[in-house]
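In the working numbering, the protein residues as written are 8 to 81.
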Amino acid sequence: MFLKIKNKFVNYNLLGKTKKQVYERMERKPDQMEDDLWSYIVDTSWMVQKTTLHIEFEDDRAVYLSVKVTYKWR
């Protein structure tokens, strides 16, 4: 999965990886961690409050990735 973060494209390449491999690839603990759902805040800026990457696991393997972007409203 490619995401554009701070004008650069980042390929997380997480599908099919084990939880240990995801942890090593992301180089830090998840910001939110449940048994089968991990969430990482991957970007924040002045216009976008935050960009969050959600990783769902089945049988200890990443099977679904999604991204949620939260914008600041005035």
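Glycine included, each C-beta is placed from N, C-alpha and C at the ideal position. A quick note: this is a predicted structure, and the numbers were derived from the prediction, not measured.
**Q.** Minimum C-alpha distance to V70 - residue among Y78, V76, H61 and T77
**A.** H61
Q: Tell me whether Y30 sits in a helix, a strand or coil according to DSSP, three-state version.
A: helix
Q) When the Cα of E65 is compared with those of W45, W53, M33 and V49, which residue comes out closest? A) W45
Q: Look up S73 in the DSSP assignment and say whether it is helix, strand or coil.
A: strand
Q. Taking the Cβ atom as the reference point for each residue, do R32 and Y47 lie within a distance shorter than 8 Å?
A. no
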